[in-house]
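A.B. asks:
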Amino acid sequence: MRRRNVKPVQGLLFAIATLSSSYVLAQMDHGEMQMQGGSAPADARDPNAYSDGYTLTEGPYAQPAGPRQLKLADEHVFWAVLGDRLEYQAGSDSTLFDLQGWYGTTYNRFVVKTEGEIADSRLEESETQLLWGHAVSTYFDTQVGLRLDQYDEGKDRQWIAVGTQGLAPYWFELDMTAYLGEGGRTAINIEAEYELLLTQRLVLQPRAELNVYGKDDRNNDIGSGLSDVSLGLRLRYEFSRQFAPYIGVEWTDSYGDTADYRRAAGADVSDTQFVAGVRFWF
Amino acid sequence: MSHWLSRHVKPLSRRRFVQGLAAGGVLAAAPLSLQAAINSGAALGTAPVLSGREIDLTIAETPVNFTGVTRMATTINGSIPAPTLRLREGDEVTIRVTNLLPVSTSIHWHGILLDYQMDGVPGISFKGIAPGETFTYRFTLRQSGTYWYHSHSGFQEMTGMYGALIIEPRAGERHNANLDHVMLLSDWTDDEPMHAFSKLKAQSDVYNFNQLTLFDFTRDVSKMGLQAAFDKRQMWNEMRMNPTDLSDLSIHTPLTFLMNGTTPAGNWTGLFKHGDRVRLRFINGTSNTFYDVRIPGLQLTVVQADGQDVEPVTVDEFRFGPGETYDVLVEPKDDAYTVFAQSMDRSGYARGTLALAHGISAPVPPLDPAEWLTMSDMMGTMGANGMDHSGMSGMNHANMQDSGSAKSGMDHSMHGGMAMDHSKHGSGLAIPSQTVNHARTEYGASVDMRVDTPRTNLDDPGIGLRKNGRRVLTLADLKSVEGVLTDRRLPARELELHLTGNMERYSWSFDGLEFGKSTPVSLRQGERVRIILQNDTMMTHPMHLHGMWSELETDKGELQVRRHTIPVQPAQRISFLTTPHDVGRWAWHCHLLFHMDAGMFREVVVS
Numbered sequence: 001m002r003r004r005n006v007k008p009v010q011g012l013l014f015a016i017a018t019l020s021s022s023y024v025l026a027q028m029d030h031g032e033m034q035m036q037g038g039s040a041p042a043d044a045r046d047p048n049a050y051s052d053g054y055t056l057t058e059g060p061y062a063q064p065a066g067p068r069q070l071k072l073a074d075e076h077v078f079w080a081v082l083g084d085r086l087e088y089q090a091g092s093d094s095t096l097f098d099l100q101g102w103y104g105t106t107y108n109r110f111v112v113k114t115e116g117e118i119a120d121s122r123l124e125e126s127e128t129q130l131l132w133g134h135a136v137s138t139y140f141d142t143q144v145g146l147r148l149d150q151y152d153e154g155k156d157r158q159w160i161a162v163g164t165q166g167l168a169p170y171w172f173e174l175d176m177t178a179y180l181g182e183g184g185r186t187a188i189n190i191e192a193e194y195e196l197l198l199t200q201r202l203v204l205q206p207r208a209e210l211n212v213y214g215k216d217d218r219n220n221d222i223g224s225g226l227s228d229v230s231l232g233l234r235l236r237y238e239f240s241r242q243f244a245p246y247i248g249v250e251w252t253d254s255y256g257d258t259a260d261y262r263r264a265a266g267a268d269v270s271d272t273q274f275v276a277g278v279r280f281w282f
Numbered sequence: 283m284s285h286w287l288s289r290h291v292k293p294l295s296r297r298r299f300v301q302g303l304a305a306g307g308v309l310a311a312a313p314l315s316l317q318a319a320i321n322s323g324a325a326l327g328t329a330p331v332l333s334g335r336e337i338d339l340t341i342a343e344t345p346v347n348f349t350g351v352t353r354m355a356t357t358i359n360g361s362i363p364a365p366t367l368r369l370r371e372g373d374e375v376t377i378r379v380t381n382l383l384p385v386s387t388s389i390h391w392h393g394i395l396l397d398y399q400m401d402g403v404p405g406i407s408f409k410g411i412a413p414g415e416t417f418t419y420r421f422t423l424r425q426s427g428t429y430w431y432h433s434h435s436g437f438q439e440m441t442g443m444y445g446a447l448i449i450e451p452r453a454g455e456r457h458n459a460n461l462d463h464v465m466l467l468s469d470w471t472d473d474e475p476m477h478a479f480s481k482l483k484a485q486s487d488v489y490n491f492n493q494l495t496l497f498d499f500t501r502d503v504s505k506m507g508l509q510a511a512f513d514k515r516q517m518w519n520e521m522r523m524n525p526t527d528l529s530d531l532s533i534h535t536p537l538t539f540l541m542n543g544t545t546p547a548g549n550w551t552g553l554f555k556h557g558d559r560v561r562l563r564f565i566n567g568t569s570n571t572f573y574d575v576r577i578p579g580l581q582l583t584v585v586q587a588d589g590q591d592v593e594p595v596t597v598d599e600f601r602f603g604p605g606e607t608y609d610v611l612v613e614p615k616d617d618a619y620t621v622f623a624q625s626m627d628r629s630g631y632a633r634g635t636l637a638l639a640h641g642i643s644a645p646v647p648p649l650d651p652a653e654w655l656t657m658s659d660m661m662g663t664m665g666a667n668g669m670d671h672s673g674m675s676g677m678n679h680a681n682m683q684d685s686g687s688a689k690s691g692m693d694h695s696m697h698g699g700m701a702m703d704h705s706k707h708g709s710g711l712a713i714p715s716q717t718v719n720h721a722r723t724e725y726g727a728s729v730d731m732r733v734d735t736p737r738t739n740l741d742d743p744g745i746g747l748r749k750n751g752r753r754v755l756t757l758a759d760l761k762s763v764e765g766v767l768t769d770r771r772l773p774a775r776e777l778e779l780h781l782t783g784n785m786e787r788y789s790w791s792f793d794g795l796e797f798g799k800s801t802p803v804s805l806r807q808g809e810r811v812r813i814i815l816q817n818d819t820m821m822t823h824p825m826h827l828h829g830m831w832s833e834l835e836t837d838k839g840e841l842q843v844r845r846h847t848i849p850v851q852p853a854q855r856i857s858f859l860t861t862p863h864d865v866g867r868w869a870w871h872c873h874l875l876f877h878m879d880a881g882m883f884r885e886v887v888v889s
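Below, the structure is given as structure tokens:
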């Protein structure tokens with residue numbers, strides 16, 4: 001009973017830690033010289049100090065009243081889709097997809113992330129997140145929204161997602177999200193990627209991911225605590241920046257109750273897969 | 283073998299973009315009504331000339347083929363470049379512009395002083411020229427020199443709408459030349475400009491194929507040791523900035539670099555005779571390219587910058603960005619010379635020939651290697667002073683010395699004295715303020731860098747040109763001739779604005795505010811005002827202020843040269859004085875078209 005009460009609190013703490021980490025990352029700068037991030041000192045210059053109260057639509061010689069005609073790309077909406085992993089996994093004879101799309105402006109975006117596994121022409125499991133992303137610092141966005149888990153054999157789950165995604169010092173792509181589900185379920189997902197250019201087109205991409213759950217979920221063979229870690233290494237060749245076939249290897253290990261459930265189900269606790277796929281964006 | 287492969291096989295796939303088609307350009311399939319204009323072109327790629335007081339221009343879509351692929355361009359009178367307009371100082375000209383495009387268009391007369399309604403910026407000076415409409419521009423030419431004109435609507439300039447505008451001085455040219463060639467440099471992409479822009483929004487280094495690789499690192503390790511190799515990269519890695527981020531677009535966009543509308547393979551050729559003194563009117567009409575221009579074997583005597591005469595200065599090479607112009611005198615003695623204009627990121631070049639006859643050419647020099655940006659490009663004087671910081675040890679010390687700002691500590695102590703010198707001109711601010719004031723909007727997601735110790739020297743030719751063994755023009759070399767800088771009043775007030783951006787998000791702005799979030803800069807007619815521009819980014823921005831001159835001064839407050847477009851280098855702080863003569867609303871923006879469209883754009887109200 002006591003455990004059950006503690007886990008949501010832990011989850012909440014994780015969520016707060018995740019959110020604040022984006023702020024901490026934003027604060028990281030070069031020692032005493034605050035060249036990036038930070039907050040404006042009290043005497044910072046007023047960017048509107050030279051306007052004499054005029055605006056783009058009001059004041060002398062403004063164009064005739066009506067909606068402002070000149071709108072540049074800062075007021076346009078853009079979109080992109082990144083297929084970071086679309087691959088065949090040889091060991092399990094399955095196909096994995098990991099796609100992310102966004103639609104919006106520079107600072108506010110609707111973000112969709114979807115990840116899943118297809119085997120025997122069946123969508124075995126998938127996780128789709130619908131998020132609102134907001135730029136909070138030079139390199140990080142906060143993301144808030146929903147995560148929908150689907151299991152072919154198991155029980156579907158819905159979560160509220162709160163996270164941060166961005167570029168950490170030394171060019172690590174980070175994606176950290178805390179989840180709160182029904183019945184006090186909590187989860188944390190952390191993903192990190194790095195791109196090591198061997199040549200201008202040959203790129204080695206190490207990748208790490210870990211999942212932590214607050215509660216056992218026997219329906220879906222998930223145990224509380226650190227449930228699984230995966231490490232991947234993919235070597236891609238960018239025929240163009242937007243189209244790059246790759247080969248790689250992915251190692252996963254499960255821990256605690258998750259490992260036990262897997263053992264009981266006759267599945268491998270840890271697993272090394274060879275993968276071949278394509279990374280693309282448009 | 284691998285050498286052979288990298289040198290000979292790889293370029294093949296890109297050769298068409300890099301070199302272009304020899305006969306590339308506007309196709310004969312242009313509408314019949316425009317055939318005359320095209321056929322009147324004297325030579326391939328040389329624009330037809332229009333002169334007089336009444337001129338008719340027609341904007342239309344025209345098929346072009348620069349690379350082997352047919353694309354639609356937006357053209358003025360069916361040619362790329364647009365017709366060269368040769369007008370006369372003092373004339374009132376009437377220019378009727380008819381829009382045959384399915385979308386609105388405009389023409390801006392770059393660097394020309396006129397009534398704001400004639401300045402041609404849709405949404406600021408007028409509402410634009412609607413499809414099917416004819417707009418009549420009418421203005422009196424109050425100046426002379428080499429200028430240009432281009433569309434100010436969307437990305438039309440990038441798709442072909444640019445031409446030379448030459449205004450002959452009433453009093454005759456200061457320097458006689460027997461020959462006069464317009465050298466309009468531009469760039470072309472087969473991609474849709476907005477598509478290229480949206481790719482930068484998705485991945486801002488998408489066109490940079492000069493990124494740091496693992497093997498660059500291991501090479502450095504073997505050369506300088508592991509610690510030094512790490513140190514060399516430390517600051518860049520911590521700040522998530524790329525030292526090879528020299529240009530947003532490159533030949534991988536793909537860009538094809540053009541000289542007078544002609545590809546490198548087409549080799550535009552201008553003729554001369556032995557004994558000729560040739561005036562070359564260089565105009566950078568590109569959308570996004572800084573060019574480093576030289577003519578191996580010839581010295582270039584720069585006599586005019588942005589249409590305004592300067593004290594002649596002889597150099598081997600000059601860099602100029604979109605919007606800038608330089609008039610250069612040369613005295614060719616050999617049979618042929620290559621006019622070589624390599625892009626700042628060294629991914630490609632525009633090229634043409636000056637020769638005694640068609641068919642003669644000179645060797646084309648190889649591209650210089652691309653250099654890393656230095657610490658002085660990131661931190662200004664702090665970087666240049668060789669701060670004893672781990673991040674500095676790998677930097678090129680020669681570069682730092684060349685930036686010349688090691689003496690900036692001294693400059694500060696001299697300001698008091700200089701202020702006294704100038705006090706005889708009356709009350710005012712003799713010396714531009716050296717105190718860095720970041721706007722409060724520079725501390726958010728729109729800004730990836732703030733410089734606290736900017737460099738203020740003007741004698742730095744810039745990244746890739748420092749200590750290259752050639753005499754390269756710098757802003758410090760440019761001095762307006764007597765009689766140009768007539769307003770000697772001291773400024774009564776000083777405005778400081780910072781050029782800002784976030785490369786990763788691909789957003790550009792003033793003071794961290796993109797155009798849509800900004801308010802206008804309000805100036806008063808006839809006032810003498812100082813504007814300080816500090817570049818808090820790692821790119822050079824050619825800043826173009828419409829409707830009035832930008833009179834560049836040194837950090838000691840000495841008036842230097844009159845410009846309409848001032849390139850501001852990374853971590854540099856420059857200042858200029860202006861006297862707004864004409865009321866109205868004016869545009870002020872970075873002339874790298876993508877930076878302008880991303881939001882590095884302000885409105886200026888003169889009232």
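Protein chains in written order, with the numbering used here: chain A, 1 to 282; chain B, 283 to 889.
From the three backbone atoms N, C-alpha and C, an ideal C-beta is built for every residue, glycine too.
In this text the structure is predicted, and so the values were computed from the model without any measurement.
1. A:V275 by DSSP, collapsed to three states: which one?
2. Can you tell me the Cα-Cα spacing of B:R561 and B:D598, whole angstroms?
3. Let's test the definition: count the other Cβ atoms within 10 Å of the Cβ of A:R109 and tell me whether it reaches 16, buried, or not, exposed.
4. Around the C-beta of A:E325, are 16 or more other C-beta atoms found within 10 angstroms, so that it is buried, or is it exposed?
5. Between the beta-carbon of B:T861 and the beta-carbon of B:R810, is there less than 7 Å?
6. Taking Cβ-Cβ distances shorter than 7 Å, what residues in chain B pair up with A:Y107?
7. To the nearest angstrom, report how far apart A:S254 and A:D228 are at their CA atoms.
8. Mind listing the chain A neighbours of B:D627? Cutoff is C-beta to C-beta under 8 Å, in chain order.
9. Any C-beta of chain A sitting closer than 7 Å to the C-beta of B:L874?
10. Looking at chain A, which residues of the stretch 855 to 872 of chain B have a Cβ within less than 7 Å of any of its Cβ atoms?
11. Considering only the alpha carbon of each residue, which of B:A632, B:L636 and B:R601 lies closest to B:D558?
12. Listing by chain order, which chain A residues have their CB less than 9 Å from the CB of B:T225?
13. Which residue spans inside the stretch 126 to 177 of chain A form an unbroken beta strand (DSSP E) run of at least 3?
14. Report back the beta-carbon spacing between B:Y419 and B:I449 to the nearest angstrom; my notes put them in contact at under 8 Å.
15. Mind checking if A:L72 is an interface residue toward chain B, Cβ cutoff 7 Å exclusive?
16. Is it buried or exposed for A:V77, if we count other Cβ within 10 angstroms and need 16 for buried?
17. Which residues, in order along the stretch 766 to 795 of chain B, keep a beta-carbon less than 9 Å from a beta-carbon of chain A?
18. Comparing the C-beta of A:R138 with each C-beta of chain B, is any distance below 7 Å?
19. Going along the chain, which residues of its own chain have a beta-carbon closer than 8 Å to the beta-carbon of B:V865, five neighbours each way excluded?
20. In terms of residue numbering, what span does the alpha helix (DSSP H) encompassing B:A484 cover?
21. Check whether the stretch 549 to 556 of chain B touches the stretch 257 to 270 of chain A, taking contact to mean three or more Cβ pairs, one atom from each stretch, closer than 8 Å.
22. Okay, do the stretch 153 to 171 of chain A and the stretch 489 to 509 of chain B touch, 3+ Cβ pairs below 8 Å being the bar?
23. In whole angstroms, what separates the C-alpha of B:L874 from that of A:L86?
24. What does A:G116 pair with, by DSSP beta-bridge criteria?
25. Since A:T114 and A:L99 should fall inside the 8 Å C-beta cutoff, what is the C-beta to C-beta distance between them, to a whole number of angstroms?
26. Ignoring anything shorter than 3 residues or poking outside the stretch 523 to 598 of chain B, list the beta strand (DSSP E) runs there in chain order.
27. When the Cα atoms are used, what is the spatial distance from A:Q36 to B:D818?
28. Kindly indicate which three-state DSSP category B:G665 falls into: helix, strand or coil?
29. Going along the chain, which residues of its own chain have a beta-carbon closer than 7 Å to the beta-carbon of B:I377, five neighbours each way excluded?
30. Quick one: what does DSSP say A:N219 is sitting in, helix, strand or coil?
31. Among residues of its own chain, excluding the 5 on either side of B:A680, which ones have a beta-carbon nearer than 6 Å to its beta-carbon?
32. So what's B:L827 in DSSP terms, helix, strand or just coil?
33. For the alpha helix (DSSP H) that B:R501 lies in, which residues bound it at each end?
34. What does the alpha-carbon distance come out to for the pair A:R236 and A:A276?
35. Is the number of C-beta pairs between the stretch 177 to 190 of chain A and the stretch 203 to 214 of chain A that are closer than 8 Å three or more?
36. What whole-angstrom Cβ distance do A:R279 and A:D84 have, given they're in contact under 8 Å?
C.D. replies: Based on what the coordinates show:
1. As a first step, residue 275 of chain A is located in the first sequence; it is residue number 275 there, counting from the start. A:V275: strand per DSSP, three-state reduction.
2. Within the second sequence, numbered from 1, the residue matching residue 561 of chain B stands at position 279. Within the second sequence, numbered from 1, the residue matching residue 598 of chain B stands at position 316. Here the C-alpha atom of B:R561 lies approximately 15 Å from the C-alpha atom of B:D598.
3. If you number the first sequence from 1, residue 109 of chain A lands on position 109. Sixteen is the threshold: when 16 or more other Cβ atoms of the shown chains lie within 10 Å of the Cβ of A:R109, as they do, the residue is buried.
4. With chain A covering 1 to 282 only, the question about residue 325 of chain A has no answer from this structure.
5. Translated into the one-based positions of the second sequence, residue 861 of chain B becomes position 579. Translated into the one-based positions of the second sequence, residue 810 of chain B becomes position 528. A contact, by the Cβ cut-off of 7 Å.
6. Here residue 107 of chain A refers to the residue found at position 107 of the first sequence. Here the neighbours are A727.
7. The sequence position of residue 254 of chain A within the first sequence is 254, counting from 1. The sequence position of residue 228 of chain A within the first sequence is 228, counting from 1. Each residue's CA atom was taken as its position, placing A:S254 and A:D228 some 4 Å apart.
8. Start at 1 with the first residue of the second sequence, and residue 627 of chain B comes out as number 345. Listed by position along chain A, the residues whose Cβ is nearer than 8 Å to that of B:D627 form an empty set, because the closest Cβ is around 13 Å away.
9. As a first step, residue 874 of chain B is located in the second sequence; it is residue number 592 there, counting from the start. No, its Cβ sits nowhere closer than 7 Å to a Cβ of chain A.
10. Result list: V865, G866 and R867.
11. Within the second sequence, the letter at position 276 stands for residue 558 of chain B. Across the set B:A632, B:L636 and B:R601, the C-alpha of B:L636 shows the shortest separation from the C-alpha of B:D558.
12. Since the first and last residues shown for chain B are 283 and 889, residue 225 of chain B lies out of range.
13. DSSP runs (the beta strand (DSSP E)) wholly in the stretch 126 to 177 of chain A: 140 to 151 and 157 to 168.
14. Translated into the one-based positions of the second sequence, residue 419 of chain B becomes position 137. Translated into the one-based positions of the second sequence, residue 449 of chain B becomes position 167. Their Cβ separation, rounded to whole angstroms, is 15 Å, which puts B:Y419 and B:I449 out of contact at 8 Å.
15. The sequence position of residue 72 of chain A within the first sequence is 72, counting from 1. Cβ-Cβ to chain B under 7 Å: yes for A:L72.
16. Here residue 77 of chain A refers to the residue found at position 77 when the first sequence is read from its first residue. By the 10 Å Cβ count, A:V77 comes out exposed.
17. Cβ contacts with chain A come from L777, E778, L779, H780, N784, E786, R787, Y788, S789, W790, S791, F792, D793, G794 and L795.
18. Taking the first residue of the first sequence as 1, we reach residue 138 of chain A at position 138. Note that residue 138 of chain A is Thr in the sequence shown here, rather than Arg. At a cut-off of 7 Å between C-beta atoms, A:T138 counts as an interface residue with respect to chain B.
19. Reading the second sequence from its first residue, position 583 is the one you call residue 865 of chain B. Cβ within range, chain order: Y398, Q807, V888 and S889.
20. Translated into positions along the second sequence, residue 484 of chain B becomes position 202. It spans P475 to A484 - the alpha helix (DSSP H) in which B:A484 sits, taken as one unbroken run.
21. Contact fails: fewer than three Cβ-Cβ distances are below 8 Å.
22. Too few Cβ pairs lie closer than 8 Å, so no.
23. Residue mapping note: residue 874 of chain B aligns to position 592 of the second sequence, counting from 1. Residue mapping note: residue 86 of chain A aligns to position 86 of the first sequence, counting from 1. Looking at the two C-alpha atoms, the distance is approximately 37 Å.
24. In the first sequence, residue 116 of chain A corresponds to position 116, counting from 1. A:F97 and A:S126.
25. Translated into positions along the first sequence, residue 114 of chain A becomes position 114. Translated into positions along the first sequence, residue 99 of chain A becomes position 99. Rounded, the Cβ-Cβ distance is 5 Å, consistent with contact.
26. Segments of the beta strand (DSSP E) lying fully in the stretch 523 to 598 of chain B: 537 to 541, 550 to 553, 560 to 566, 573 to 576, 582 to 587 and 590 to 597.
27. Locating residue 36 of chain A in the first sequence gives position 36, counting from the first residue. Locating residue 818 of chain B in the second sequence gives position 536, counting from the first residue. Cα to Cα, the separation comes out at about 11 Å.
28. Here the question's residue 665 of chain B lines up with position 383 in the second sequence. Under the three-state reduction of DSSP, B:G665 is assigned to helix.
29. The residue labelled residue 377 of chain B in the question sits at position 95 within the second sequence. Excluding the 5 residues flanking it on each side, B:I377 has same chain C-beta neighbours closer than 7 Å at I337, L339 and Y419, in chain order.
30. Residue 219 of chain A sits at position 219 when you count from the first residue of the first sequence. If DSSP states are grouped into helix, strand and coil, A:N219 belongs with the helices.
31. On the second sequence, residue 680 of chain B is found 398 positions in, with the first residue counted as 1. Bear in mind that a pLDDT of 37 at B:A680, under 50, signals an unreliable position, so the number given afterwards is only what the model happens to contain. Cβ neighbours of B:A680 beyond the five flanking positions: K749.
32. Taking the first residue of the second sequence as 1, we reach residue 827 of chain B at position 545. Three-state DSSP puts B:L827 in a strand.
33. By one-based count along the second sequence, residue 501 of chain B stands at place 219. Where B:R501 is concerned, the enclosing alpha helix (DSSP H) stretches over L496 to M506.
34. Position 236 of the first sequence, counted from the start, is the residue given in the question as residue 236 of chain A. Position 276 of the first sequence, counted from the start, is the residue given in the question as residue 276 of chain A. Each residue's Cα considered, the two are about 10 Å apart.
35. With the rule of 3 Cβ pairs closer than 8 Å, the stretch 177 to 190 of chain A counts as touching the stretch 203 to 214 of chain A.
36. As a working mapping, residue 279 of chain A is identified with position 279 in the first sequence. As a working mapping, residue 84 of chain A is identified with position 84 in the first sequence. Between the beta-carbon of A:R279 and that of A:D84 there is about 6 Å, and that keeps the pair under the 8 Å contact cut.
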